[in-house]
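Chains G and H, in that order, are what the protein sequence lines are. Taking our numbering, I'd label the letters of the first sequence as residues 1 to 253. Taking our numbering, I'd label the letters of the second sequence as residues 254 to 506. Ideal Cβ positions, reconstructed from N, Cα and C, are used throughout, including at glycine. Note that the structure is predicted; figures quoted are calculated from it, not measured. Reviewing the structure listed below.
Number of protein chains: 2
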Amino acid sequence: MAARMSDPLAPQSVGVDKLLLKLRVRDDVSALEEEVLRSIIEPPVAIASRSVVVKEGIPLERSALLVQGMLGRCKDMRDGQRQITEVHVPGDFADLHSFTLKRLDQDVVALNDCWISWVPHAALRAVTDTQPHLGRLLWLSTNLDAAIHRAWTVSLGRRDAPARLAHLLCELQVRLSVVGMADEDGYALPLTQVDLAECLGLTAVHVNRVLRQLREQGLATFRSGRVTIEDFKGLRRLAEFSTDYLFLDKRPR
Amino acid sequence: MAARMSDPLAPQSVGVDKLLLKLRVRDDVSALEEEVLRSIIEPPVAIASRSVVVKEGIPLERSALLVQGMLGRCKDMRDGQRQITEVHVPGDFADLHSFTLKRLDQDVVALNDCWISWVPHAALRAVTDTQPHLGRLLWLSTNLDAAIHRAWTVSLGRRDAPARLAHLLCELQVRLSVVGMADEDGYALPLTQVDLAECLGLTAVHVNRVLRQLREQGLATFRSGRVTIEDFKGLRRLAEFSTDYLFLDKRPR
DNA sequence: TGGCAAACTTAACCTAGGGCAATCTCATTC
DNA sequence: GAATGAGATTGCCCTAGGTTAAGTTTGCCA
Chain G
1 MAARMSDPLA
11 PQSVGVDKLL
21 LKLRVRDDVS
31 ALEEEVLRSI
41 IEPPVAIASR
51 SVVVKEGIPL
61 ERSALLVQGM
71 LGRCKDMRDG
81 QRQITEVHVP
91 GDFADLHSFT
101 LKRLDQDVVA
111 LNDCWISWVP
121 HAALRAVTDT
131 QPHLGRLLWL
141 STNLDAAIHR
151 AWTVSLGRRD
161 APARLAHLLC
171 ELQVRLSVVG
181 MADEDGYALP
191 LTQVDLAECL
201 GLTAVHVNRV
211 LRQLREQGLA
221 TFRSGRVTIE
231 DFKGLRRLAE
241 FSTDYLFLDK
251 RPR
Chain H
254 MAARMSDPLA
264 PQSVGVDKLL
274 LKLRVRDDVS
284 ALEEEVLRSI
294 IEPPVAIASR
304 SVVVKEGIPL
314 ERSALLVQGM
324 LGRCKDMRDG
334 QRQITEVHVP
344 GDFADLHSFT
354 LKRLDQDVVA
364 LNDCWISWVP
374 HAALRAVTDT
384 QPHLGRLLWL
394 STNLDAAIHR
404 AWTVSLGRRD
414 APARLAHLLC
424 ELQVRLSVVG
434 MADEDGYALP
444 LTQVDLAECL
454 GLTAVHVNRV
464 LRQLREQGLA
474 TFRSGRVTIE
484 DFKGLRRLAE
494 FSTDYLFLDK
504 RPR
């Protein structure tokens with residue numbers, strides 16, 4: 001499997017590094033805590049595009065830290081429709097909530113070729129026992145996921161298709177920036193238009209129409225796996241996007 | 254304010270009791286842990302219907318345990334539209350995520366007259382420092398909220414209006430049962446049709462149409478603040494509802 | 001007990017986005 | 001370098017749900 005992957009070299013520690021980038025935007029992480037984190041994270045393993053990393057309902061003893069690529073949380077409906085409820089970027093734990101819940105309510109699927117690092121729940125339990133502040137930081141990271149879920153709920157409930165797409169493009173721009181994977185111009189987005197549709201509660205055909213709209217309005221272009229942001233201000237305005245829900249600062253404690 | 258409320262008697266400890274019911278469905282809570290929980294929860298205070306309990310963005314030092322009534326997490330849009338991203342029932346912490354995030358990304362609003370108990374973040378910090386298992390249980394309860402968010406995302410993205418409404422009615426039936434506030438027949442639901450619309454990403458007019466549909470199909474009736482479930486099986490089938498995402502069991506640890 | 005105001009209900013019309021099918025593009029493989 | 005297949009694109013038609021605008025019912029308070 002790994003032989004077919006575009007980047008066959010396992011990224012050694014970038015997973016933890018990106019996790020640390022993500023956490024340190026929100027709070028201080030001491031050298032000791034960093035050491036502890038590094039010690040509980042297993043070496044990365046390769047995951048083939050489109051494979052199911054974690055299946056809904058199965059009892060779990062570990063959680064997956066995404067090192068490279070993108071993962072989605074997917075719910076399949078009876079009629080074959082699918083909804084993606086979150087897109088994970090490197091540095092995210094895709095299923096840290098399974099540490100408390102012991103299984104998942106939805107599948108975690110690789111949206112492209114990925115590298116992930118497993119973290120045993122036993123080690124996480126030890127962290128919450130002996131490093132309460134670090135434990136609270138991990139708790140925080142699951143609460144960030146929840147905040148993202150709420151933002152998606154708002155999008156699906158109250159934004160029309162162009163605003164919804166623009167909101168997703170803005171969100172990914174910001175989340176990828178945090179882990180150093182986006183610049184002002186845009187970012188690599190290894191999804192298909194079908195995937196986007198499954199994030200946005202739309203059909204692939206309509207996503208295609210709306211992508212063209214954004215392109216023709218000079219806001220953003222999505223082509224061959226790359227999002228080019230032409231007018232971030234305009235995109236933000238269209239989406240009514242604010243970074244508040246991503247908690248990009250350290251608050252007084 | 255309290256003078257105008259329908260039930261002027263402060264329910265003394267039912268908030269903690271319902272929280273314990275909720276937690277004990279998911280895991281064991283020792284007598285000591287119960288004692289600790291009771292000790293950190295302040296006496297209930299009355300909240301008038303429609304008032305904002307917690308405003309988005311404000312730095313917070315405490316979280317609200319809902320004792321009686323219902324709360325909603327609301328996002329207001331520029332154009333006056335509003336999306337509710339979760340409905341809280343007694344025994345829920347409405348904003349426990351603010352313990353790690355230090356503020357909210359959305360307002361918490363009283364959907365009717367409520368009683369809530371505040372819990373200081375300092376006390377929660379002490380719990381995570383000295384009672385790691387109890388700390389993990391509180392973490393779990395925020396992860397339950399996230400699972401509910403994901404279920405709503407799926408509803409908004411992939412279910413049509415009747416299925417979406419049916420799904421919400423099923424969810425509340427189950428969540429209220431856990432805290433002893435629903436029976437086989439149904440439950441009190443102190444929301445307006447506008448509130449339902451704001452949960453479901455629909456207009457109030459369409460909610461009204463769909464309520465009639467469910468009534469005429471003999472599935473459920475919502476009238477004068479009460480949901481009567483006439484055919485739970487049928488409602489479940491229509492909604493493609495499963496209780497899996499509510500994690501109603503204790504898993505091996 | 002009557003007068004409001006909020007909530008609910010219904011109808012007529014309209015539109016954003018879905019459904020379906022054909023075509024196009026391009027990368028991969030033999 | 002032809003065959004293949006996944007993804008992207010476009011057009012046409014249609015429906016679920018929105019919009020607007022009346023009513024009607026209900027509960028509250030003077």
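- Three-state secondary structure (DSSP) at G:ALA220? In the structure shown, the three-state DSSP call for G:ALA220 is strand.
- For G:VAL14, which residues of its own chain have a beta-carbon under 8 Å away from its beta-carbon, when the five flanking residues on both sides are left out? Excluding sequence neighbours, G:VAL14 sits near VAL67, GLN68 and PRO90.
- Item | C-beta contact flag for H:TYR440 and H:LEU453 at 8 Å | Not a contact, by the Cβ cut-off of 8 Å.
- Please go through the same chain and pick out, in chain order, the residues whose beta-carbon is closer than 7 Å to the beta-carbon of G:MET1, but skip the five residues on each side of it. With a pLDDT of only 36 at G:MET1, under the threshold of 50, the placement of this residue in the model should not be trusted, and no figure is reported.
- Query: Got a sec: is the Cβ-Cβ distance from G:ASP244 to anything in chain H below 8 Å?
  - Reply: So, interface residue.
- Message: Any C-beta of chain G within less than 8 Å: which residues of the region 391-406 of chain H qualify?
- Response: Residues TRP392, LEU393, THR395, ASN396, LEU397, ASP398, ALA399, ALA400, HIS402, ARG403, ALA404, TRP405 and THR406.
- Message: Using only the alpha-carbon positions, how far apart do H:LEU274 and H:GLU288 sit?
- Response: So the two alpha carbons sit approximately 14 Å from each other.
- Determine the extent of the alpha helix (DSSP H) in which H:GLY344 is found, giving its start and end residues. No alpha helix (DSSP H) contains H:GLY344, which DSSP labels as neither H nor E.
- Task: Tell me whether G:VAL53 is buried or exposed, calling it buried when 16 or more other Cβ atoms sit within 10 Å of its Cβ.
- Result: Buried, since its Cβ has 16 or more Cβ neighbours within 10 Å.
- Query: Is the CB-CB distance between G:PHE93 and G:ALA64 below 8 Å?
  - Reply: Taking a C-beta distance under 8 Å as the contact criterion, G:PHE93 and G:ALA64 qualify as a contact pair.
- Message: For G:PRO264, would you say it is in contact with chain H, using Cβ-to-Cβ distances shorter than 8 Å as the test?
- Response: Because chain G spans 1 through 253 in this model, residue 264 of chain G falls outside it and cannot be assessed.
- So H:ASP329 is in the alpha helix (DSSP H); what residue range does that whole segment cover? Element bounds for H:ASP329: not the alpha helix (DSSP H) but the beta strand (DSSP E), 324-329.
- Message: I'd like the list of long-range same chain contacts for G:LEU168, defined as Cβ closer than 7 Å, with 5 residues on each side in sequence excluded.
- Response: If you ignore the 5 residues before and after G:LEU168, its C-beta comes within less than 7 Å of the C-beta of CYS199 and LEU200, all in its own chain and listed in chain order.
- Message: If the cut-off is 7 Å on Cβ atoms, which residues from the region 76-94 of chain G count as contacting chain H, listed in chain order?
- Response: For the region 76-94 of chain G, which is checked against every Cβ of chain H, the residues closer than 7 Å are MET77, ARG78, GLN81, GLN83 and THR85.
- Query: Any Cβ of chain H within less than 8 Å of the Cβ of G:HIS167?
  - Reply: So, not an interface residue.
- Inter-residue CB distance, G:ALA161 and G:LEU202 (contact presumed, cutoff 8 Å): Taking a contact as a CB-CB distance under 8 Å, the pair G:ALA161 and G:LEU202 counts as one, their CB atoms being some 6 Å apart.
- Query: Is the region 376-393 of chain H touching the region 276-288 of chain H, taking contact as three or more C-beta pairs under 8 Å?
  - Reply: Taking 8 Å as the limit for Cβ pairs, the verdict is that the region 276-288 of chain H does touch the region 376-393 of chain H.
- Query: If you check the beta carbons only, do G:PHE247 and G:LEU137 fall under 8 Å apart?
  - Reply: Contact flag unset, no.
- Query: Would you say G:ASP28 faces chain H, with C-beta separation under 8 Å as the test?
  - Reply: Cβ-Cβ to chain H under 8 Å: no for G:ASP28.
- Would you identify the three-state DSSP class for G:GLN83, choosing helix, strand or coil? Strand.
- Taking 8 Å as the CB-CB limit, is H:GLY310 close to chain G? For H:GLY310, the nearest beta carbon of chain G is closer than 8 Å to its own beta carbon.
- Query: Can the beta-carbon of G:GLU230 be found closer than 8 Å to that of G:ALA163?
  - Reply: At the C-beta level, G:GLU230 and G:ALA163 stay beyond 8 Å of one another.
- Item | Closest Cα partner of G:ALA166 within the set G:GLU61, G:GLY218 and G:ASP183 | Measuring from the Cα of G:ALA166, the nearest candidate turns out to be G:GLY218.
- 8 Å Cβ cutoff met for H:ASP358 and G:TYR245: Less than 8 Å divides the Cβ of H:ASP358 from the Cβ of G:TYR245.
- Message: Only counting the same chain, and skipping five residues up and downstream in sequence, which positions put a Cβ closer than 6 Å to that of G:LEU191?
- Response: Its chain contains LEU111 as the residues whose beta carbon lies nearer than 6 Å to that of G:LEU191, once the 5 sequence neighbours on both sides are disregarded; these appear in chain order.
- Query: Going by beta carbon distance, what residues of the same chain come within less than 6 Å of G:VAL18, once the five residues before and after it are set aside?
  - Reply: The question names Val, but residue 18 of chain G in the sequence shown is Lys. Excluding residues within five positions, the ones whose Cβ falls inside 6 Å are PRO90, GLY91 and VAL179.
- Query: Between which two residues does the beta strand (DSSP E) carrying G:ILE40 extend?
  - Reply: Counting along the chain, G:ILE40 falls outside any beta strand (DSSP E), though it belongs to the alpha helix (DSSP H) covering 31-40.
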